[in-house]
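K.L.:
Quick one: the structure is below, and I'll ask about it shortly.
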Amino acid sequence: MRETDILIVGAGPVGLTLAIDLGQRGVRCTLIEKKAAPEFLPKMERCNARTMEIFRRMGLSERIRAAGLDASVPMDVYVVLAMNEPPLLRLPYPSVAESLAEIALSTDASQPLEAYQLISQYTLEPLLKSVAERLPSVTVRYGCEFLSLEQDEGGVTARTADAKGAIEHIRAKYLVGCDGGASPVRKQLGIKLRGEGNLLHLRQALYYSETLYDRIPIGRGPGRGRHYHVADGQATFLIMQDSTKHWTLHAVVERDEDMAQQFEKAVGAPIDYTMLYVGQWKQNLLLADHYGTGRVFLAGDAAHLVIPTGGLGMNTGVGDAIDLGWKLAAMLQGWGGPNLLRSYEIERRQVGDRNVGASRYASLGRRKWRSAYRPDIRDATPAGQATRDNLARVADVEQRKTNEMVGAELGYRYVGSPVITDEPGGPEHLFREYHPTTWPGARLPHLWLDSGGPVQDRIGRGYTLLRLGGTGADDGALGKAFRARDVPFATVDIAEQRARDIYGYNLIFVRPDMHVVWRGNQAPEDAAALAAMVTGH
38 MRETDILIVG AGPVGLTLAI DLGQRGVRCT LIEKKAAPEF LPKMERCNAR TMEIFRRMGL
98 SERIRAAGLD ASVPMDVYVV LAMNEPPLLR LPYPSVAESL AEIALSTDAS QPLEAYQLIS
158 QYTLEPLLKS VAERLPSVTV RYGCEFLSLE QDEGGVTART ADAKGAIEHI RAKYLVGCDG
218 GASPVRKQLG IKLRGEGNLL HLRQALYYSE TLYDRIPIGR GPGRGRHYHV ADGQATFLIM
278 QDSTKHWTLH AVVERDEDMA QQFEKAVGAP IDYTMLYVGQ WKQNLLLADH YGTGRVFLAG
338 DAAHLVIPTG GLGMNTGVGD AIDLGWKLAA MLQGWGGPNL LRSYEIERRQ VGDRNVGASR
398 YASLGRRKWR SAYRPDIRDA TPAGQATRDN LARVADVEQR KTNEMVGAEL GYRYVGSPVI
458 TDEPGGPEHL FREYHPTTWP GARLPHLWLD SGGPVQDRIG RGYTLLRLGG TGADDGALGK
518 AFRARDVPFA TVDIAEQRAR DIYGYNLIFV RPDMHVVWRG NQAPEDAAAL AAMVTGH
């Protein structure tokens, strides 16, 4: 029987992120994946700003940007009849380079530290796999299928099969199911997904074209951009992938072979291309009743399924991984208390619930403007023009809901967590607006320092107390309380008054995932009690 500390089932972006985070903390973990290797399939296409901040802390953001879409490529979104005709609507959005330039000039903490990055899953997965495989404490095994599990007070025993069907058992202290929407791990635990399932049944195809991107604009068609929504009765949606040579099309059609003609109709002009893949998928808005049982946890699509509108699926899963990773490490290192792992479901399930709601909000917006489609939309008549004008007018309001989710990305805050101090009230959770806050439970806002670099880069992998504005508040008791528990702790002094004014307090206390756990103007009255609470005791 093989033994490991953490067994991760599923080597998608979420499982790989968790493995890397654990490996960088020196935790012994094994990652198993049923597939023989990462597949060249069009799934997620975008790491949002919060995910890129997470990857920055893991030392991966520059590598991901180098592998993904070139920073100069426009990110505009269009509603079209076809790509060779004048667009009905253009929604301009900044390229990565433009976003990074805006971030570089920001002084008020309203921007993320990192811009988003368009990168296809088939590009991201091999990159993360190569990183995980180089970590000494991480074992990566493709072609290894999870079959079943049994758990007891001391750990979990998983039954697995290799590509030839040979059965093997793996013993772990904890197991994490990152194994997708059909999660065998979740089913083993008897945990149900609830919500709205099978809202729409579409086909998705992946195409390769050497010339399509270079030909844009085609005739009088729209310029270069990220998404092209075709105003038809089949929900046709064309997406540029990170190479600019690959394109993904979603549409409601009867047969796989219909996707070739659908691509040609969307482009509207003769183009050389190869259709590489066709598959089917269903739109779901589902949330697991629980995020685990005992020593087994769920993360990513195993715990929540959202419609891709808003780009919250994989990114929510990366947030799951980064919340769970340091807590598992704490338990193995002996300083985490029983509330630490209990807090995982409390914190992340509320985010999953909110993001299911955000995806629903965006999806309803898209459905609303698509419902304005009429068969006369191409007619050169006053009625046809009225249809086009009305659809564009509605889309100008409703499509923005999909592409402007900064509040859901950056503004989530953990409420009611047993390892975060409770301040009654708190700012409203908004999908489309981000208002920086240091309210306990919130992500620490990004702020450039006059002395150089961002605050976030000053924060290590343990708990960090920020002393701001030259305060003389004593951190001795807090440091002593953490050292007594062998918990990683550091104090970072930032004398700049501007930082203190923006963050609002003399002392800001953040945990390893950069969420605020406490704030105040004087040292905590009972440092030992605070240290015990935030570490789960």
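For the record, in the sequence shown the residue sitting at position 199 is 236 according to our numbering, with numbers rising by one throughout. Every residue, glycine too, gets a C-beta built ideally from N, C-alpha and C.
Considering only their Cβ atoms, is the gap separating residue 477 from residue 483 smaller than 8 Å?
P.N.:
No, these two residues do not count as a Cβ contact at 8 Å.
K.L.:
By a C-beta neighbour count over all protein chains shown, 10 Å radius and 16 as the cutoff for buried, is residue 459 buried or exposed?
P.N.:
Residue 459 should be labelled exposed.
K.L.:
With which residues is residue 363 paired in a DSSP beta bridge?
P.N.:
In the DSSP output, where bridge partners are listed per residue, residue 363 has none listed.
K.L.:
What does DSSP give as the partner residues of residue 491 in its beta bridges?
P.N.:
According to DSSP, residue 491 bridges with 485.
K.L.:
Please determine if the region 281-291 and the region 131-145 are in contact, where contact requires at least 3 C-beta pairs separated by less than 8 Å.
P.N.:
The region 281-291 vs the region 131-145: no contact.
K.L.:
In chain order, what are the residue ranges of uninterrupted alpha helix (DSSP H) at least 4 long that sit wholly in the region 443-524?
P.N.:
Here the runs fully enclosed are 443-447 and 513-521.
K.L.:
Look up residue 40 in the DSSP assignment and say whether it is helix, strand or coil.
P.N.:
It is a strand residue.
K.L.:
Using only CA atoms, which one of 328, 273, 297 and 123 lies nearest to residue 231?
P.N.:
Checked all of 328, 273, 297 and 123; the closest Cα to residue 231 is 328.
K.L.:
Measuring straight from C-alpha to C-alpha, what distance separates residue 355 and residue 73?
P.N.:
Rounded to whole angstroms, residue 355 to residue 73 spans 23 Å at the Cα level.
K.L.:
So what's residue 125 in DSSP terms, helix, strand or just coil?
P.N.:
Residue 125 falls in the coil class under three-state DSSP.
K.L.:
Which residue spans inside the region 228-271 form an unbroken beta strand (DSSP E) run of at least 3?
P.N.:
Within the region 228-271, the complete beta strand (DSSP E) runs of at least 3 residues are 230-233, 238-245 and 264-267.
K.L.:
Excluding sequence positions up to five away, which residues of its chain have a Cβ less than 6 Å from the Cβ of residue 172?
P.N.:
The residues are 60.
K.L.:
Is DSSP giving residue 372 helix, strand or coil here?
P.N.:
Residue 372 falls in the coil class under three-state DSSP.
K.L.:
Within 8 Å of any Cβ in chain C, is that where the Cβ of residue 280 sits?
P.N.:
Here there is only one protein chain, and chain C is not present.
K.L.:
From this set, 364, 438 and 344, which residue's C-alpha is nearest residue 390's C-alpha?
P.N.:
Nearest option by C-alpha distance: 344.
K.L.:
Would you mind working out which of 78, 519 and 200 sits nearest residue 373, comparing C-alpha positions?
P.N.:
With distances taken between Cα atoms, residue 373 lies closest to 519.
K.L.:
Pick out the complete beta strand (DSSP E) segments inside the region 307-367, 3 residues or longer, and give them in chain order.
P.N.:
With a minimum length of 3 residues, the continuous beta strand (DSSP E) runs that stay inside the region 307-367 are 311-319, 322-325 and 333-335.
K.L.:
Residues in its own chain within less than 7 Å of residue 91 by CB, not counting five upstream and five downstream?
P.N.:
So the qualifying residues of the chain are 355 and 359.
K.L.:
Could you spell out the range, first to last residue, of the alpha helix (DSSP H) harbouring residue 438?
P.N.:
Element bounds for residue 438: 437-440.
K.L.:
Please classify residue 399 as buried or exposed, where buried requires at least 16 other C-beta atoms within 10 Å of its C-beta.
P.N.:
Under this definition residue 399 is a buried residue.
K.L.:
Using the rule of at least 16 other Cβ atoms within 10 Å of the residue's Cβ for burial, across every protein chain shown, is residue 85 buried or exposed?
P.N.:
The residue is buried, with at least 16 neighbouring Cβ atoms inside 10 Å.
K.L.:
May I ask you to list the residues that DSSP assigns as paired with residue 194?
P.N.:
Looking at the DSSP assignment, residue 194 forms a beta bridge with 187 and 208.
K.L.:
Within its chain, find whatever has a CB closer than 8 Å to the CB of residue 353; leave out the 5 residues flanking it on each side and keep chain order.
P.N.:
Taken in chain order, the residues that qualify are 337, 341, 343, 388, 389 and 392.
K.L.:
What is the C-beta distance between residue 124 and residue 115, in whole angstroms, given that I count them as a contact (C-beta under 8 Å)?
P.N.:
Right, the Cβ-Cβ distance comes to about 5 Å (below 8 Å), so this counts as a contact.
K.L.:
For residue 95 versus residue 57, is the C-beta distance shorter than 8 Å?
P.N.:
A contact, by the Cβ cut-off of 8 Å.
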